[in-house]
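**Q**
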Ligand SMILES: [Zn+2]
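In this note's numbering, the protein residues as written are 186 to 439.
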């Protein structure tokens with residue numbers, strides 16, 4: 186069975202700092218491979234709440250170092266590795282999460298294999314292939330990802346400002362998870378707004394798109410309603426994630 190469980194769907198300062206939505210990232214179960222993407226604040230608590238075992242993780246992937254994506258990375262590395270006594274898994278992060286002002290602490294690094302993301306990099310974990318086809322446009326080093334499993338592809342568009350190459354790179358993925366923080370653009374913080382997300386979904390044309398990482402503007406505008414509007418406009422099945430959503434990638438059902 187393959188699917189995704191959302192340990193949080195909040196994004197942006199107001200929503201995350203006030204925990205109007207949780208912020209633990211999402212847990213991918215791709216066959217027998219478990220991967221945690223973007224363990225923001227509360228990821229450990231939410232994983233346990235959803236009866237997920239951090240010790241079963243094969244990898245923790247960070248799109249970028251901002252605290253709403255990375256806060257729990259160290260505690261999750263400890264949880265993945267039995268407090269460091271059972272070294273395992275991989276921690277796959279941008280270079281600037283390791284170097285100056287590192288978010289991955291030095292003392293946890295020997296517990297796991299640290300992999301530095303480079304644009305275009307591909308790697309595999311058993312029968313799952315992960316690629317990082319594009320660095321996005323965000324204030325810190327940020328990478329989108331494509332997960333390949335069972336001849337299907339799941340794309341993840343993390344925080345980014347809009348740029349047309351996103352549509353080309355993710356074109357044809359079967360499933361798309363896309364971070365939509367804003368209704369309107371604020372150039373200072375470099376995030377997608379809802380119209381840009383809709384444009385991307387319309388040109389990428391996945392079988393199913395899941396919106397997540399909502400800021401206050403999107404929460405006020407009802408993520409469900411926005412998902413419905415994008416569905417009507419693009420003909421793509423679009424879902425607004427909620428905390429705890431468990432979506433299956435088998436047979437395109439939820
Ligand atoms: Zn960010």
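We put the CB at the ideal spot given by N, CA and C, even for glycine.
Take every Cβ of the stretch 339-352, pair it with every Cβ of the stretch 286-301, and state whether three or more of those distances are shorter than 8 Å.
**A** The stretch 339-352 is not in contact with the stretch 286-301.
**Q** Measure the alpha-carbon distance for residue 381 versus residue 389 and round it to whole angstroms.
**A** In the chain shown, counting from the first residue as 1, residue 381 sits at position 196. In the chain shown, counting from the first residue as 1, residue 389 sits at position 204. One C-alpha to the other measures close to 12 Å.
**Q** So for residue 321, helix, strand or coil by DSSP?
**A** Within the chain shown, residue 321 is the residue found at index 136, counting from 1. In the structure shown, residue 321 sits in coil (DSSP, three-state: anything other than H, G, I, E or B).
**Q** Do we get a CB-CB distance below 8 Å when we pair residue 318 with the residues of chain C?
**A** Protein chains in the displayed structure number just one, and chain C is not present.
**Q** Taking contact to mean 3 or more Cβ pairs, one atom from each stretch, closer than 8 Å, check whether the stretch 227-240 and the stretch 283-295 are in contact.
**A** No, the stretch 227-240 is not in contact with the stretch 283-295.
**Q** Which residues mark the beginning and the end of the alpha helix (DSSP H) in which residue 334 is found?
**A** Position 149 of the chain shown, counting from 1, holds the residue named residue 334. No alpha helix (DSSP H) contains residue 334, which is instead part of the beta strand (DSSP E) from 330-334.
**Q** Just to check, is the beta-carbon of residue 344 closer than 7 Å to a non-hydrogen atom of ligand 1?
**A** The sequence position of residue 344 within the chain shown is 159, counting from 1. Yes, the Cβ of residue 344 comes within 7 Å of a heavy atom of ligand 1.
**Q** Taking the alpha-carbon positions, what's the residue 345 to residue 384 distance?
**A** Counted from its first residue, the chain shown places residue 345 at position 160. Counted from its first residue, the chain shown places residue 384 at position 199. Taking the straight line joining both Cα atoms gives about 14 Å.
**Q** Which class does residue 293 belong to by DSSP, given the choice of helix, strand or coil?
**A** Position 108 of the chain shown, counting from 1, holds the residue named residue 293. Reduced to three states, the DSSP call for residue 293 is helix.
**Q** May I ask you to report which of helix, strand or coil DSSP gives residue 439?
**A** In the chain shown, residue 439 corresponds to position 254, counting from 1. Unreliable positioning characterises residue 439 in this predicted model, as indicated by a pLDDT of 45, which lies under 50. The coordinate reading is nonetheless provided below. Looking at residue 439 - three-state DSSP - the assignment turns out to be coil, as it is neither helix nor strand.
**Q** Report the rounded CA-to-CA distance for residue 439 versus residue 431, giving the unit in angstroms.
**A** Along the chain shown, one-based indexing puts residue 439 at 254. Along the chain shown, one-based indexing puts residue 431 at 246. Summary for residue 439: the model assigns pLDDT 45, below 50, so the residue's position carries little reliability; its value from the coordinates is reported in the next sentence. Rounded to whole angstroms, residue 439 to residue 431 spans 7 Å at the Cα level.
**Q** CA-CA distance, residue 359 and residue 200?
**A** Translated into positions along the chain shown, residue 359 becomes position 174. Translated into positions along the chain shown, residue 200 becomes position 15. So the two alpha carbons sit approximately 29 Å from each other.
**Q** Indicate whether residue 328 and residue 279 have their beta-carbon atoms separated by less than 8 Å.
**A** For this step, residue 328 is matched to residue 143 along the chain shown. For this step, residue 279 is matched to residue 94 along the chain shown. The answer is yes: Cβ separation under 8 Å.
**Q** Which first and last residues belong to the alpha helix (DSSP H) in which residue 270 is found?
**A** Taking the chain shown and counting its residues from 1, one reaches residue 270 at position 85. Neither: residue 270 is in no alpha helix (DSSP H) and is coded neither H nor E.
**Q** Excluding the 5 residues flanking residue 205 on each side, which residues of the same chain have their C-beta closer than 8 Å to its C-beta?
**A** Walking along the chain shown from the start, residue 205 turns up at place 20. Within the same chain, residue 205 has close Cβ partners 195, 199, 401, 404.
**Q** Could you tell me the distance, in whole angstroms, from the CA atom of residue 391 to the CA atom of residue 422?
**A** Numbered from its first residue, the chain shown carries residue 391 at position 206. Numbered from its first residue, the chain shown carries residue 422 at position 237. Going from the Cα of residue 391 to the Cα of residue 422 covers about 8 Å.
**Q** For residue 215 versus residue 245, is the C-beta spacing smaller than 8 Å?
**A** Locating residue 215 in the chain shown gives position 30, counting from the first residue. Locating residue 245 in the chain shown gives position 60, counting from the first residue. Contact: no.
**Q** Which residue wins for smallest C-alpha separation from residue 291, given the options 319, 312, 262, 315?
**A** Translated into the one-based positions of the chain shown, residue 291 becomes position 106. When only C-alpha atoms are compared, the closest one is 262.
**Q** Comparing alpha-carbon positions, which option in 207, 197, 202, 211 lies nearest residue 189?
**A** The residue labelled residue 189 in the question sits at position 4 within the chain shown. The candidate whose alpha carbon is nearest that of residue 189 is 211.
**Q** Could you tell me if the beta carbon of residue 249 falls within a distance shorter than 7 Å of some heavy atom in ligand 1?
**A** Taking the chain shown and counting its residues from 1, one reaches residue 249 at position 64. Yes, Cβ of residue 249 sits closer than 7 Å to a heavy atom of ligand 1.
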